[in-house]
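Counted from 1, the sequence shown has number 314 at position 314 by UniProt numbering; the numbering is strictly sequential. Beta carbons are placed, not taken as given, at the ideal position from N, Cα and C, and that holds for glycine.
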Amino acid sequence: MVVIGIDPHKRTHTAVAVDEVGRKLGQVTVASTPEGWLRLWAWAGGFGPDRRWAVEDGRGVAGRLVRTLIGHGASVVWVPPKLMAQSRASARTRGKSDPIDALAIARAALREPDLPAAHLDEVAADLRLLTDRREQLVKWRTQTINQLRWHLHDLDPGLDPGAGRLNSARQLDRLTAGLEALPASVRRDLALELVGEIRRLREQIRRLDKQLGELVVPLAPTLLAIVGVNVVTAAKIIGEVAGISRFRSAAAFAMHAGAAPIPVWSSNRPQVRLNRGGNRQLNACLHRIVIAQLSHKPEARAWRERWTQRRPNATGKAALRALKRHLADVVYHALLTDHRRQLPATA
Numbered sequence: 001m002v003v004i005g006i007d008p009h010k011r012t013h014t015a016v017a018v019d020e021v022g023r024k025l026g027q028v029t030v031a032s033t034p035e036g037w038l039r040l041w042a043w044a045g046g047f048g049p050d051r052r053w054a055v056e057d058g059r060g061v062a063g064r065l066v067r068t069l070i071g072h073g074a075s076v077v078w079v080p081p082k083l084m085a086q087s088r089a090s091a092r093t094r095g096k097s098d099p100i101d102a103l104a105i106a107r108a109a110l111r112e113p114d115l116p117a118a119h120l121d122e123v124a125a126d127l128r129l130l131t132d133r134r135e136q137l138v139k140w141r142t143q144t145i146n147q148l149r150w151h152l153h154d155l156d157p158g159l160d161p162g163a164g165r166l167n168s169a170r171q172l173d174r175l176t177a178g179l180e181a182l183p184a185s186v187r188r189d190l191a192l193e194l195v196g197e198i199r200r201l202r203e204q205i206r207r208l209d210k211q212l213g214e215l216v217v218p219l220a221p222t223l224l225a226i227v228g229v230n231v232v233t234a235a236k237i238i239g240e241v242a243g244i245s246r247f248r249s250a251a252a253f254a255m256h257a258g259a260a261p262i263p264v265w266s267s268n269r270p271q272v273r274l275n276r277g278g279n280r281q282l283n284a285c286l287h288r289i290v291i292a293q294l295s296h297k298p299e300a301r302a303w304r305e306r307w308t309q310r311r312p313n314a315t316g317k318a319a320l321r322a323l324k325r326h327l328a329d330v331v332y333h334a335l336l337t338d339h340r341r342q343l344p345a346t347a
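Laid out in structure tokens, this is it:
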């Protein structure tokens with residue numbers, strides 16, 4: 001079997017082919033255009049039909065390439081950047097270049113045969129785009145609110161309703177009336193302009209929330225039934241997972257999400273440490289679910305207490321990580337249930 005590793009970039013893609021023991025067989029660099037992908041496919045055909053493609057998981061860079069490869073019937077796996085970096089560091093070749101990275105990607109995929117496979121999932125891709133857009137709008141709204149509060153501090157501190165309250169339409173109406181009652185000035189006009197910008201961002205975010213709800217509610221009822229999972233969190237999880245069938249087990253999903261602890265012991269006293277790898281966006285979703293469940297679900301608090309009683313020397317952060325690992329299994333099975341519900345009924 002031949003493994004072809006690809007280091008994707010905006011303008012070019014570099015591919016390196018290795019055999020089953022990791023020996024380099026050839027390399028090519030093509031333009032990131034349809035013509036370049038056809039050239040890449042023709043080049044790969046010289047290694048025979050038994051080949052596997054491995055692409056570095058670059059957000060937004062390799063999407064079109066992977067869709068093209070899958071459309072041609074190729075078997076493609078995603079290689080996390082950290083896994084590629086570890087493979088490169090362990091190689092004899094010194095330095096860093098596109099061919100070196102592509103070779104490390106191929107060898108990483110060869111060494112890790114259970115990496116999640118890429119497949120076409122347009123709904124997950126749409127949800128990922130929408131959630132990314134929503135996060136950007138929320139960030140801009142927060143920055144705009146912070147700018148506005150500095151202006152209010154200079155104009156009239158009494159007009160500031162306080163942190164976290166400028167998302168309300170009623171508060172924005174009151175603030176607009178208060179600003180218009182002040183003497184005309186450049187700072188007042190800038191503050192009114194910022195209020196209008198906050199209104200526009202607020203409406204855009206509300207429209208996105210509605211669009212996400214229309215997509216997610218029929219798609220993931222089991223996931224939404226979990227305490228701490230709302231429409232936005234569910235959309236983020238589905239978009240980042242990009243198909244739960246890619247994972248062979250709940251343990252593989254937990255490792256992908258960075259929720260599986262890493263062993264760090266060499267004697268008779270088992271110990272683990274925090275896993276800083278995996279998909280950090282997905283890990284952040286699990287963390288928010290954990291915090292929400294500890295606040296609103298007695299069963300989660302009871303689970304943490306039982307875990308802590310069995311390990312009296314464990315820290316509070318260790319208990320939190322253990323609960324996150326447990327909830328990774330819950331999320332995995334919920335996604336699997338929703339996925340099976342979407343499959344067409346067999347006769």
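Point to revise | Close Cβ partners of Arg246 (< 8 Å) along its chain, the five nearest in sequence each way excluded | key: Once the five neighbours on either side are set aside, the close Cβ partners of Arg246 are Pro116, Ala117, Ala118, His119.
Practice item. Measure the CB-CB distance between Val79 and Asp57 and report whether it falls below 8 Å. Key: In this structure, Val79 lies near Asp57, with their beta-carbon atoms less than 8 Å apart.
Check your understanding: Roughly how many angstroms separate the alpha carbons of Arg133 and Gly239, rounded to a whole number?
Key -> Their Cα atoms are separated by approximately 12 Å.
**Study point:** CB contact flag (Gln211, Leu130, <8 Å)
**Key:** The answer is yes: Cβ separation under 8 Å.
Check your understanding: In chain order, which alpha helix (DSSP H) runs of at least 4 residues are fully inside the UniProt domain "Transposase IS110-like N-terminal" (4 to 154)?
Key -> 34 to 44, 63 to 71, 81 to 89, 98 to 111, all fully within the UniProt domain "Transposase IS110-like N-terminal" (4 to 154).
Check your understanding: If you compare alpha carbons, which of Ser168, Arg301, Gln147, Val227 is closest to Leu194?
Key -> Closest option to Leu194, Cα to Cα, is Gln147.
Check your understanding: Comparing alpha-carbon positions, which option in Val28, Gly196, Thr308, Leu83 lies nearest Ala177?
Key -> Out of Val28, Gly196, Thr308, Leu83, Gly196 has the C-alpha closest to the C-alpha of Ala177.
Exercise for review: Give every residue of the same chain whose Cβ lies closer than 6 Å to the Cβ of Thr307, excluding the five residues on either side of it in the sequence, and list them in chain order.
Suggested key: The sequence shown places Trp at residue 307, rather than the Thr named in the question. These residues qualify, in order along the chain: Ala319, Ala322.
Point to revise | Secondary structure of Ile226, DSSP reduced to three states | key: Here Ile226 sits in coil by DSSP.
Practice item. Starting from Val2, follow its DSSP beta bridges and name the residues at the other end. Key: Beta-bridge pairing links Val2 to Arg51.
**Study point:** Close beta carbons around Ala191, own chain, < 7 Å, minus the five adjacent residues each side
**Key:** Within the same chain, Ala191 has close Cβ partners Leu148, His151, Leu152, Leu155, Leu179.
**Study point:** Where Val264 sits in the DSSP three-state scheme
**Key:** If DSSP states are grouped into helix, strand and coil, Val264 belongs with coil.
Check your understanding: Can you name, in chain order, every residue of its own chain whose Cβ lies under 7 Å from the Cβ of Ala347, other than the five neighbours on each side?
Key -> For Ala347, the predicted model reports a pLDDT of 37, less than 50, meaning its position is unreliable; a value from the coordinates is still stated below. No residues qualify anywhere along the chain.
Check your understanding: Would DSSP call Val272 helix, strand or coil?
Key -> For Val272, the secondary structure class from DSSP, reduced to helix, strand or coil, is strand.
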